[in-house]
Amino acid sequence: MDRIELIDLIKSIIDAEGTDQEIEQKIYKLKQNILDPQVTNYIFYDDLTPEQIVDKALKYNSIHL
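In full-length UniProt numbering, the protein residues as written are 1 to 65.
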């Protein structure tokens, strides 16, 4: 997914568009496309815009041991 698609997906999650099951599917899709394990926390607990959430999540680099 590109940045615009991710922003649109996050907007639909924030706006609670759809049934609970549809929202869960959107969250699953988001997690499949973003490596940052905290992405849902950014949506539900941080006061960030969808654009800020995507930018922050895309900057995530996992640490390989």
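Beta carbons: idealized from backbone N, C-alpha and C, even for Gly. Computed from a prediction, not measured in an experiment: that's the story for all the values here.
Considering only C-alpha positions, which residue in the set the options is nearest to residue i?
i	options	result
Ile14	Pro50, Lys59 and Leu30	Pro50
Ala16	Ala57, Ile43 and Val39	Ile43
Ile63	Pro37, Val54, Asp55 and Met1	Pro37
Lys26	Tyr45, Asn41 and Leu6	Leu6
Residue i and residue j look like a contact to me (Cβ under 8 Å); what is the Cβ gap, rounded to whole Å?
i	j	result
Tyr60	Leu35	6 Å
Met1	Asn33	5 Å
Can you give me the start and stop residues for the alpha helix (DSSP H) that residue i sits inside?
i	result
Tyr42	Val39 to Phe44
Ser12	Arg3 to Ile14
Are residue i and residue j closer than 7 Å when you measure CB to CB?
i	j	result
Val54	Arg3	yes
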